[in-house]
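K.L.:
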Amino acid sequence: MRCTGVTKSYGAGDAKVMALRGIDLDVRHGELLMVVGPSGCGKTTLISVIAGILDRDAGECRVLGRDLKRLGTKERARFRGASIGFVFQLFNLLPALNLVENVTVPLLINGVPRKDAESRARRVLEEVNLGLRLDALPGKLSGGQQQRVAIARAMVHEPKLIVCDEPTSNLDHATGQTMMQLLRSIAKSPGRALIVVTHDPRIYDFADRIARMDDGKIVEVIEGGGKERLQ
Amino acid sequence: MLRLAMKMLVGDRAKYAGLLFGISFTSFLVTFALSYLCGFLTRGFAVVTENPAANVWVMDPAVESTELTTNIPDSALSRVRSVAGIAFAVPLAFATVDARFPNGRFQSFRLIGVDDATLFGLPPLQGGISATVLRTPDAGVVASGGTAGKLETPVSKAAQWPYGGPRLDVPARRLAAGDELLVNDHRVVIRGLAKSLPRYPPKPLMYTTLSNAARLLPPERHLLTFVLARAAPGVSARELATRIKAQTGLKARSSADFKADTVNWLLINSEDVGDMASMVSIAMLVGFGVTGVLLFMFTTDSLRQYAVLKAMGADSRLLLSMIFVQSGLCAVLGTGLGLGLCAVVGKIAMLEFDYPFRMMWFTPIFGGLMVMMVSVVAAVISARPVLKLEPGVVFAGR
Ligand SMILES: Nc1ncnc2c1ncn2[C@@H]1O[C@H](COP(=O)(O)OP(=O)(O)OP(=O)(O)O)[C@@H](O)[C@H]1O
Ligand SMILES: [Mg+2]
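If you read the protein sequences in the order shown, they are chains A and B. The first sequence lines up with residues 1 to 231 when you count with my numbering. The second sequence lines up with residues 1001 to 1398 when you count with my numbering.
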């Protein structure tokens, strides 16, 4: 994934907000990149652009060799479905569906038959240690468990890129650590990359690199060694 | 994915119940109103139904229904009888009379004068009384004709009119054999109650012989209203009707055609049809309101879930089919519930309260169609926000 000079603004006229003011960033295979910065600096906007959920205004951005802006709505949706996994701050599980069904959703969207999808979902749920609660509804689970389901859902279709928006901010410290270990182990598989947006300095340790943002710009990119300085 | 769409719907118990209720309500009301309409239109041609043996009805050329009639010359009977292909032909007279009850109360009756010789047109009497009682002097047979409490006569002899004026609030009971009424100051002795079909519009009925009717009614130019004929074997009712028309200049209709004429006439001329139409439209409006709002609420409340799906790569076609599966599921279940409820309530109303209810083959179909329409419109309305949805909201903090 490589971006150069990406800008993005919301609204028009007086109400115009420049959320991104020229972002240069690349993400490498097998790495876990963290994006940090004060509230409102444009982190969510950035990963939305990268994941093909928002269109950039200007600049270049290629994800897995493709320029998402050039794709039609439909192709873009298909690309997202096949190649990108999402973990949200609020988990965003479907409350009426049990864990297995929730995790099958990305597979079903990609046209995998139900039987296959369910057995793969079960396997992944076992990987995140939820093999015993397959039929539970998300509402019955703790926050940490729900986030593990969300992670299972983000990786079940083996996407090349997983984007996480503040995955630990609704979790306590210990659970957050476990979650990051889980994400980190996912990132280690070859040909995959993770982008994690966070406010939480306690998880900086898990990053390969940290991109610090302010006011719509990347201020600096810190390689693994320099984390202490940020904390 | 569509299976999951159904689970998403069913999982939201409260709204799912509301949706089902709304749709069941619509299909129930629409079907019930239509069945009621069919029911009272059927009562409109009750006199034709009551006389299945006559399959051709002969009348004045201007008559269009059993409800609004005018008379034909007595000679019509002989003229009809002279047409080839007739098995039999009998006269039937319709008139409206006011009858005085012993306490002074008066009540309008439809007087039906039947052939003296055959008594054709008189339904069987209650309590197994023989029809021949109608041939005794001054005899009359009454029926409620779909009305309630209009055949009440005072219990006590002391409550009799005219000594001291009418007594309208005295204890009363139903007319029975042996009671007397006055029609145009002529005595009518009630000899029994007939098992008549209820009429629309409801009206008490009084059967007498034609000769007795001539005695009761003020002198009129013509007494006869219909000639009831039956086609001989091998002659169809329609064919005979055409022959009678050609040969006598009178209007002749097969009983099926005459029923249809009456229904058409009632549809155009009865105020109640308008009431029915407004009942159906209110039912539809309420249905649209409840169902539309609830389905809309359901999708807007699930908007975030749809946004998640959209972010994860679900395209508009998939989302649309999910919404339509959800509303389709509600529509099918709701229609079923509504129709079932309608059938049960209708049956009870019909048996217990003598309610005009007739669920004809097209009533449930119409009810179902209306519900489909309601659901499709509701789905289209609620699809809009989902399609316009920015998947970006999934990252929003709340
Ligand atoms: N849909 C929108 N319409 C208008 N302005 C928006 C919209 N979304 C974000 N913004 C603005 O864009 C800027 C960047 O927002 P963004 O959500 O990317 O920040 P963030 O770094 O994710 O903040 P946080 O840490 O609070 O999540 C903010 O000033 C915000 O007010
Ligand atoms: Mg954010």
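Glycine included, each C-beta is placed from N, C-alpha and C at the ideal position.
If you draw a straight line from the C-alpha of Leu271/A to the C-alpha of Ala150/A, how long is it?
P.N.:
This structure does not reach residue 271/A, given that chain A is present from 1 up to 231, and the question cannot be answered.
K.L.:
Compare the beta carbon distance of Ser1156/B and Pro1171/B with 8 Å and say whether it is the shorter of the two.
P.N.:
For this step, residue 1156/B is matched to residue 156 along the second sequence. For this step, residue 1171/B is matched to residue 171 along the second sequence. Against a cut-off of 8 Å, the Cβ pair of Pro1171/B and Ser1156/B comes out as a contact.
K.L.:
Taking 7 Å as the cut-off, is the CB of Thr168/A close to at least one heavy atom of ligand 2?
P.N.:
Counting from 1 along the first sequence, the entry for residue 168/A is found at position 168. Not so, every heavy atom of ligand 2 lies at least 7 Å from the Cβ.
K.L.:
Applying the 10 Å Cβ sphere with the 16-neighbour rule, what's the burial state of Asn129/A?
P.N.:
Locating residue 129/A in the first sequence gives position 129, counting from the first residue. Result: exposed.
K.L.:
Please classify Thr1096/B as buried or exposed, where buried requires at least 16 neighbouring CB atoms within 10 angstroms.
P.N.:
The residue you call residue 1096/B lines up with position 96 of the second sequence. By the 10 Å Cβ count, Thr1096/B comes out exposed.
K.L.:
Is Trp1361/B helix, strand or coil when you go by DSSP?
P.N.:
Here residue 1361/B is taken as the residue at index 361 of the second sequence, counted from 1. Three-state DSSP puts Trp1361/B in coil, outside helix and strand.
K.L.:
Near Ala207/A, what residues of its chain come up, given a Cβ to Cβ distance below 6 Å and the 5 sequence neighbours on each side ignored?
P.N.:
Taking the first sequence and counting its residues from 1, the one referred to as residue 207/A is at position 207. Contacts found: Leu32, Met34.
K.L.:
With DSSP collapsed to three states, give me the class of Leu1108/B.
P.N.:
The residue given as residue 1108/B occupies position 108 in the second sequence. Rather than Leu, the amino acid found at residue 1108/B in this sequence is Ser. If DSSP states are grouped into helix, strand and coil, Ser1108/B belongs with the strands.
K.L.:
Around the C-beta of Val17/A, are 16 or more other C-beta atoms found within 10 angstroms, so that it is buried, or is it exposed?
P.N.:
As a working note, residue 17/A is residue 17 in the first sequence. Answer is exposed; the Cβ neighbour count stays below 16.
K.L.:
Excluding five sequence neighbours on each side, which residues of the same chain lie with their C-beta closer than 8 Å to the C-beta of Val1056/B?
P.N.:
Taking the first residue of the second sequence as 1, we reach residue 1056/B at position 56. Around Val1056/B: Leu1228, Ala1229, Arg1230, Ala1231, Ala1237, Leu1240, Ala1241, Ile1244, Ala1252, Arg1253, Ser1254, Ser1255.
K.L.:
Mind checking who Met34/A pairs with in its DSSP beta bridge?
P.N.:
For the purposes of this step, residue 34/A is identified with residue 34 of the first sequence, where counting begins at 1. Paired residue(s): Val196/A, Ile210/A.
K.L.:
Alpha carbon to alpha carbon, how far is Leu90/A from Arg1398/B? Give it in angstroms, no decimals.
P.N.:
Position 398 of the second sequence holds residue 1398/B. Position 90 of the first sequence holds residue 90/A. Bear in mind that the predicted position of Arg1398/B carries a pLDDT of just 43, short of 50, making it unreliable; the figure below should be weighed with that in mind. Distance between the alpha carbons of Arg1398/B and Leu90/A: 8 Å.
K.L.:
When you compare only the Cα positions, how much space is there between Arg944/B and Pro1091/B?
P.N.:
Missing from the structure shown is residue 944/B; chain B here goes from 1001 to 1398 and no further.
K.L.:
Compare the C-beta of Phe1395/B with all C-beta atoms of chain A and state if any pair is closer than 8 Å.
P.N.:
Counting from 1 along the second sequence, the entry for residue 1395/B is found at position 395. For Phe1395/B, the answer is yes, since a Cβ of chain A falls inside 8 Å of its Cβ.
K.L.:
What are the residues in the region 1303 to 1320 of chain B lying within 9 Å of chain A by C-beta distance?
P.N.:
Within the region 1303 to 1320 of chain B, the qualifying residues are Arg1304, Gln1305, Ala1307, Val1308, Leu1309, Lys1310, Ala1311, Met1312, Gly1313, Ala1314, Asp1315, Ser1316, Arg1317, Leu1318.
K.L.:
For the 8 Å Cβ check, are there 3 or more pairs between the region 1013 to 1027 of chain B and the region 1321 to 1337 of chain B?
P.N.:
Short answer: they touch.
K.L.:
Could you check whether the Cβ of Tyr10/A sits closer than 7 Å to any heavy atom belonging to ligand 1?
P.N.:
Locating residue 10/A in the first sequence gives position 10, counting from the first residue. Within the cutoff, so yes.
K.L.:
So what does DSSP say about Pro1171/B, is it helix, strand or coil?
P.N.:
Stepping through the second sequence from its first residue, residue 1171/B is reached at position 171. Pro1171/B falls in the coil class under three-state DSSP.
K.L.:
Since Cys1342/B is in the alpha helix (DSSP H), which residue starts that stretch and which ends it?
P.N.:
The residue labelled residue 1342/B in the question sits at position 342 within the second sequence. Start and end: 1316 to 1353.
K.L.:
If the cut is a Cβ gap below 7 Å, which residues of chain B does Thr253/A touch?
P.N.:
Since the first residue shown for chain A is 1 and the last is 231, residue 253/A is missing from the structure and cannot be characterised.
K.L.:
Could you name the residues of chain B that Ala82/A contacts, counting a contact when the two beta carbons are closer than 8 Å?
P.N.:
Taking the first residue of the first sequence as position 1, residue 82/A is located at position 82. Those are Gly1313, listed as they occur along chain B.
K.L.:
The beta strand (DSSP E) with Phe86/A in it runs from where to where?
P.N.:
Numbered from its first residue, the first sequence carries residue 86/A at position 86. Looking at the DSSP string, the run of the beta strand (DSSP E) that includes Phe86/A is 84 to 87.
K.L.:
Would you be able to state if there are at least three C-beta pairs under 8 Å between the region 92 to 107 of chain A and the region 1295 to 1315 of chain B?
P.N.:
Yes: the two stretches touch, three or more of their Cβ pairs being nearer than 8 Å.
K.L.:
How many Å lie between Asp1354/B and Gly1346/B at the Cα?
P.N.:
Taking the second sequence and counting its residues from 1, the one referred to as residue 1354/B is at position 354. Taking the second sequence and counting its residues from 1, the one referred to as residue 1346/B is at position 346. Their Cα atoms are separated by approximately 10 Å.
K.L.:
With DSSP as the reference, label Phe1088/B as helix, strand or coil.
P.N.:
In the second sequence, the residue the question calls residue 1088/B occupies position 88. Correct three-state label for Phe1088/B: strand.
K.L.:
At a CB-CB cut-off below 9 Å, which residues of chain A make contact with Met1279/B?
P.N.:
Counted from its first residue, the second sequence places residue 1279/B at position 279. Result: empty, since nearest Cβ-Cβ is about 37 Å, beyond 9 Å.
K.L.:
Shorter than 8 Å from the beta carbon of Lys1015/B to some beta carbon of chain A?
P.N.:
For the purposes of this step, residue 1015/B is taken as the residue at position 15 of the second sequence. Chain A contact via Cβ: absent.
K.L.:
For Thr44/A, verify whether its CB is less than 7 Å away from any heavy atom of ligand 2.
P.N.:
Locating residue 44/A in the first sequence gives position 44, where the first residue counts as 1. At least one heavy atom of ligand 2 is nearer than 7 Å to the Cβ of Thr44/A, so yes.
K.L.:
From Ala121/A to Pro113/A, what distance separates their C-alpha atoms?
P.N.:
Position 121 of the first sequence, counted from the start, is the residue given in the question as residue 121/A. Position 113 of the first sequence, counted from the start, is the residue given in the question as residue 113/A. Those two C-alpha atoms are separated by around 12 Å.
K.L.:
Can you tell me the Cβ-Cβ gap for Asp1060/B and Thr1209/B, rounded? I've got them flagged as a contact below 8 Å.
P.N.:
Position 60 of the second sequence, counting from 1, holds the residue named residue 1060/B. Position 209 of the second sequence, counting from 1, holds the residue named residue 1209/B. Their Cβ separation, rounded to whole angstroms, is 22 Å, which puts Asp1060/B and Thr1209/B out of contact at 8 Å.
K.L.:
Taking Cβ-Cβ distances shorter than 7 Å, what residues in chain B pair up with Val27/A?
P.N.:
As a working mapping, residue 27/A is identified with position 27 in the first sequence. Ordered by position in chain B, no residue passes the 7 Å Cβ test against Val27/A, which lies about 18 Å from the chain.
K.L.:
Please work out which residues of its chain come closer than 7 Å, Cβ to Cβ, to Ser9/A, disregarding the five sequence neighbours upstream and downstream, and give them in chain order.
P.N.:
Walking along the first sequence from the start, residue 9/A turns up at place 9. Hits under 7 Å: Lys16, Val17, Met18, Ala19, Asp57.
K.L.:
Assuming Met18/A is part of the beta strand (DSSP E), what are its boundary residues?
P.N.:
In the first sequence, counting from the first residue as 1, residue 18/A sits at position 18. Met18/A -> beta strand (DSSP E) spans 17 to 26.
K.L.:
Please work out which residues of its chain come closer than 8 Å, Cβ to Cβ, to Gln177/A, disregarding the five sequence neighbours upstream and downstream, and give them in chain order.
P.N.:
Translated into positions along the first sequence, residue 177/A becomes position 177. Contacts found: Arg202, Ile203.
K.L.:
Taking all protein chains shown into account, do 16 or more other C-beta atoms lie within 10 angstroms of the C-beta of Gly72/A, making it buried, or fewer, making it exposed?
P.N.:
Counting from one through the first sequence, the residue named residue 72/A turns up at place 72. Exposed is the call here.
K.L.:
Opposite Ile1072/B in the DSSP bridges: which residues?
P.N.:
Counted from its first residue, the second sequence places residue 1072/B at position 72. Answer is Leu1224/B, bridged to Ile1072/B.
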